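Below: the structure, in structure tokens.
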Amino acid sequence: MASPAYVATLGAPQTRADLAAHICLRISPVEAWNHWSFVGAGGKTHPPIKGNFEANSADAVYYAALAGVGVARLSTYLIGDALVDVRLVQILPEYADETSEIFAVYSNRRNLSPNVRAFIDFFAERFGPVPPCERDRAA
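Using this note's numbering, the letters of the sequence shown correspond one by one to residues 2 to 140.
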């Protein structure tokens, strides 16, 4: 994602390799999040991601992208409204990452309380294959 102002000034990357020439906004505490993976006809690639902006939260990267600082890779739940309002535009939409994982961590499966089981079941249903932010927009 990038702001229309960023794209108007520096252009939009047309290929995965073009990202090397752009300011990519990084989330610093988890280095694995800064390895942008792209799966396409040529297989899986990890173009070099560099930039002069790093933050320790996705929210900070989101606001930097809105301000036109650079190109970001963020979850739909965070940036969905900005895409609809065209405050952000998709970059390389054919390589959108459709994978995501949410983990429920609890101490012991054997003595799982009914409240915890109910919460996990609710969470799994609510955040199933189609995230609520995308379900709500489709309605």
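We put the beta carbon where it would ideally sit given N, CA and C, even for glycine.
Here the structure is a predicted model, which means the values were calculated and not measured.
Selected residue, minimal CA-CA separation from residue i, among the options
{"i": "Ala-59", "options": "Glu-126, Ala-42, Gly-69, Ile-80", "result": "Ile-80"}
{"i": "Gly-71", "options": "Asn-57, Tyr-78, Asp-86, Ile-92", "result": "Ile-92"}
{"i": "His-36", "options": "Tyr-63, Gly-43, Asp-98, Phe-104", "result": "Asp-98"}
Nearest-angstrom Cα separation, counted from residue j out to residue i
{"i": "Val-90", "j": "Leu-84", "result": "6 Å"}
{"i": "Ala-9", "j": "Val-106", "result": "44 Å"}
{"i": "Asp-19", "j": "Arg-118", "result": "46 Å"}
{"i": "Arg-27", "j": "Arg-127", "result": "29 Å"}
{"i": "Asn-53", "j": "Gly-44", "result": "28 Å"}
{"i": "Ala-21", "j": "Lys-51", "result": "7 Å"}
{"i": "Arg-157", "j": "Tyr-64", "result": "A query on residue 157 cannot be resolved here, the shown segment of the chain reaching from 2 to 140 and no further."}
{"i": "Asp-122", "j": "Phe-104", "result": "12 Å"}
{"i": "Met-2", "j": "Arg-74", "result": "6 Å"}
{"i": "Pro-115", "j": "Tyr-7", "result": "50 Å"}
{"i": "Val-87", "j": "Ser-76", "result": "16 Å"}
{"i": "Ser-108", "j": "Gly-129", "result": "23 Å"}
{"i": "Glu-55", "j": "Phe-120", "result": "34 Å"}
Per DSSP, cross-strand counterpart(s) of residue i
{"i": "Arg-27", "result": "Glu-55"}
{"i": "Val-72", "result": "Cys-25"}
{"i": "Val-62", "result": "Beta-bridge pairing links Val-62 to no other residue."}
Neighbourhood of residue i by C-beta, 7 Å cutoff - its chain only, sequence neighbours within 5 removed
{"i": "His-23", "result": "Leu-11, Pro-14, Gly-71, Val-72"}
{"i": "Cys-25", "result": "Ile-50, Lys-51, Gly-52, Gly-71, Val-72"}
{"i": "Asp-82", "result": "none"}
Buried versus exposed call for residue i [16 or more other C-beta atoms within 10 Å across all chains shown]
{"i": "Pro-5", "result": "exposed"}
{"i": "Val-62", "result": "buried"}
{"i": "Ala-66", "result": "buried"}
Sequence-distant residues of its chain with Cβ nearer than 8 Å to residue i (five each side left out)
{"i": "Arg-17", "result": "Phe-39, Gly-41, Thr-46, Pro-48, Leu-93, Tyr-96"}
{"i": "Ala-68", "result": "Ser-4"}
{"i": "Phe-124", "result": "Ile-103, Ala-105"}
Sequence-distant residues of its chain with Cβ nearer than 6 Å to residue i (five each side left out)
{"i": "Leu-113", "result": "none"}
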